[in-house]
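Data block below; observations after.
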Amino acid sequence: MFTENNNNILPDLSLIEDLDKNYCLQVFNPLPVAFVKGKGSYLYDTEGKKYLDLIGGIAVNSLGHGHPKLVSAIKKQAANLIHCCNYYYIPDRSALAYTLCKKSFADKAFFCNSGAEANEAAIKLARGYFHYKNEDKYEIITAKMSFHGRTLATIAATGQPKFSEPFLPSVPGFKYVEFNNFDALREAYTPKTAAVMLELIQGESGVHPANIEYIKLVRKFCSEKGILLIIDEVQTGIGRTGTLFCYEQYGITPDIVTLAKGLAGGVPIGAMLCTDEAATGFKVGDHGTTFGGNPLACSAALAVLETIKDDDLLVNVNEISEFINSKLYALQSKYPCIKDVRGKGLLIGIEFDETISASQMKLELLTKGFLVSSIGTSVIRIAPPLILKKSEAASFIKALDQILKNTVPSSSPIKNLFKGKQETTSFVPETAKTETTGEEV
Ligand SMILES: Cc1ncc(COP(=O)(O)O)c(C=O)c1O
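Heads up, the numbering used here is the position in the sequence shown plus 1120, with the first residue counted as 1.
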């Protein structure tokens, strides 16, 4: 069934599936497709079929696939020096910290390897900040339906009990309040509160943006109480929403911001940015990481930031976002099963009513050569590369229109065709039928 050739296993999908099922810890539920190559906003599977990548590795492949500037930076750095530990100065780490601080509110940066780690650093920093002030404050208020990562502290910070329930007891010190409800947040405050930690768009629970007024009130409240405002920009940061950082659109200055995903365009990295004041929460030796801030990841991040600037990618994000949204609103007036279109920049959620299953929609788009993610039963999320072209976006809209046209007669009562038997069996591969959760983080 398969052959090994100089230790390279030939990319045969059934073999890959077998190996995965037998040898990988089964915590994911992959779709029956494996990609072996990427170029621009496209991915190619083991059969050579081309897909428009509208999920970009879950908001990671900010420059798409195989971007020449990113590839050349990585190649050059790999040839010079891949890893060097934090016992020594690392030129690209210093340069990246400088660049991020100059482009943001921050005075200091700390680098790690993922979003969860960046949030762990932020949680520890908030606790350390009050520890060194000799104040007994450690509680962090987070939002219900938030997502902050998969480590023990970040599942405790995440306002969705399903992520922590199997792993109790939880890390203590977190309180959860309704998102976009300032009164609830004010009531949750106690003299033990150290920080408020929020996403500006709750990406993992259905692409729900925070209200501007709410965030402004939260900022003011944190300042009045002398507590820290942590903004989790792991998903929204680095151009995703049309500004380099999403907080810029809220007219506020956070105390701490966390980043990861798109920062190095696919090379694992996490970052925590903070003010000099918040930075007093860590003394030498209080926090660290072996890989964090390594030359390879930092040079990749510098190439991403440079390309976003040189190629005017923020302009592109805003133009393409406007185009997609206008087309989606037009589809919404044609197909009432589209309940809502929301998000910012190139982080967009399309919510369907109960007649459409988001995971089935995702599968039908997959068969047509479009990659999106589904969240829960009703939301399709797209987070494509920031380099997405208008013609590519238009092809997605056309495919969506075609699917909805074949599914829902626009002027007659909506039929539940996606949940019907024949319709699903005709296009859903056997192995995909078990895919029900939509959880992809
Ligand atoms: C807002 C937010 N924070 C944190 C994380 C965790 O990031 P990572 O998976 O890199 O640990 C995610 C991942 O989806 C996220 O969306």
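Heads up, the beta-carbon is just placed ideally off N, CA and C, and yes, glycines get one too.
{"Asked": "CB of G1371 within 8 Å of CB of L1434, strictly", "Found": "no"}
{"Asked": "Residue burial classification, S1325 (beta-carbon count within 10 angstroms, cutoff 16)", "Found": "buried"}
{"Asked": "Opposing strand residues paired with I1502 [DSSP bridges]", "Found": "I1468"}
{"Asked": "Which residues DSSP lists as bridging E1581, in chain order", "Found": "Residue 1581 is absent from the model: the chain starts at 1121 and stops at 1561."}
{"Asked": "Span of the alpha helix (DSSP H), counted from its first residue to its last, around T1378", "Found": "Careful: T1378 lies outside any alpha helix (DSSP H), inside the beta strand (DSSP E) at I1376 to L1379."}
{"Asked": "Of the listed residues D1396, A1241 and F1411, nearest to N1233 (C-alpha basis)", "Found": "F1411"}
{"Asked": "Of the listed residues Q1369, K1141, I1175 and E1137, nearest to G1489 (C-alpha basis)", "Found": "I1175"}
{"Asked": "Any non-hydrogen atom of ligand 1 within 7 Å of F1267 CB", "Found": "yes"}
{"Asked": "Buried or exposed by the 16-neighbour rule on C-beta atoms within 10 Å, applied to G1168", "Found": "exposed"}
{"Asked": "Neighbourhood of E1560 by C-beta distance below 7 Å, restricted to the same chain and skipping five residues each side", "Found": "Any reading at E1560 needs caution, since the residue's pLDDT is 43, under 50, leaving its predicted position unreliable; the model's value is listed next. Within the same chain, E1560 has close Cβ partners I1178 and S1493."}
{"Asked": "Sequence ranges, beta strand (DSSP E) only - wholly within the region 1378-1431, length at least 3", "Found": "1390-1394"}
{"Asked": "N1236 Cβ short of 7 Å to ligand 1 heavy atom set", "Found": "A small correction: the amino acid at residue 1236 is Ala; Asn does not occupy that position in the sequence shown. It does: the Cβ of A1236 is within 7 Å (strictly closer) of some heavy atom of ligand 1."}
{"Asked": "E1285 Cβ short of 7 Å to ligand 1 heavy atom set", "Found": "no"}
{"Asked": "Residue span of the alpha helix (DSSP H) that contains K1196, given as start and end", "Found": "P1188 to N1200"}
{"Asked": "As assigned by DSSP and simplified to three states, the class of C1232", "Found": "strand"}
{"Asked": "contact_flag[the region 1421-1432, the region 1187-1195] where n(CB pairs < 8 Å) is 3 or more", "Found": "yes"}
{"Asked": "Continuous beta strand (DSSP E) stretch holding G1158: start and end", "Found": "F1155 to K1159"}
{"Asked": "Close beta carbons around A1380, own chain, < 6 Å, minus the five adjacent residues each side", "Found": "S1234, G1235, A1238, V1354 and G1390"}
{"Asked": "Residue ranges of each beta strand (DSSP E) within the region 1273-1344, 3 or longer", "Found": "1294-1297 and 1313-1319"}
{"Asked": "Near ligand 2: R1270 beta-carbon under 7 Å from a heavy atom", "Found": "Summarising the ligand content, the structure contains ligand 1 and does not contain ligand 2."}
{"Asked": "Cβ contact (3+ pairs, closer than 8 Å) linking the region 1304-1320 and the region 1257-1272", "Found": "yes"}
{"Asked": "Cut-off 6 Å between Cβ atoms - residues of its own chain near A1423, not counting five sequence neighbours on either side", "Found": "K1189, L1190 and A1193"}
{"Asked": "Distance cut-off 7 Å: V1354 Cβ against heavy atoms of ligand 1", "Found": "yes"}
{"Asked": "Sequence-distant residues of its chain with Cβ nearer than 6 Å to L1133 (five each side left out)", "Found": "A1154 and T1166"}
{"Asked": "Own chain, CB closer than 7 Å to L1425, minus 5 neighbours either side, in chain order", "Found": "T1219"}
{"Asked": "Assigned secondary structure, G1540 (DSSP; H/G/I helix, E/B strand, else coil)", "Found": "Only weak support exists for where G1540 lies, its pLDDT of 36 falling under 50; the value from the coordinates is given anyway. Three-state result, G1540: coil."}
{"Asked": "Beta carbon of I1321 nearer than 8 Å to that of G1463", "Found": "yes"}
{"Asked": "Local conformation of D1460 per DSSP, three classes", "Found": "strand"}
{"Asked": "Through-space distance from I1444 to S1161, alpha-carbon basis", "Found": "16 Å"}
{"Asked": "Selected residue, minimal CA-CA separation from L1245, among L1348, Y1367, A1514 and T1363", "Found": "L1348"}
{"Asked": "G1323: CB within 7 Å of a non-hydrogen atom of ligand 1", "Found": "yes"}
{"Asked": "C-beta atoms of N1331 and N1300 nearer than 8 Å", "Found": "yes"}
{"Asked": "Proximal residues to F1250 (C-beta, below 6 Å), its chain only, five neighbours per side dropped", "Found": "K1257 and A1314"}
{"Asked": "Closer than 7 Å: N1239 CB and nearest ligand 1 heavy atom", "Found": "yes"}
{"Asked": "Validate contact between the region 1468-1479 and the region 1436-1454 using beta carbons, cut 8 Å, 3 pairs", "Found": "yes"}
{"Asked": "Buried versus exposed call for F1287 [16 or more other C-beta atoms within 10 Å across all chains shown]", "Found": "exposed"}
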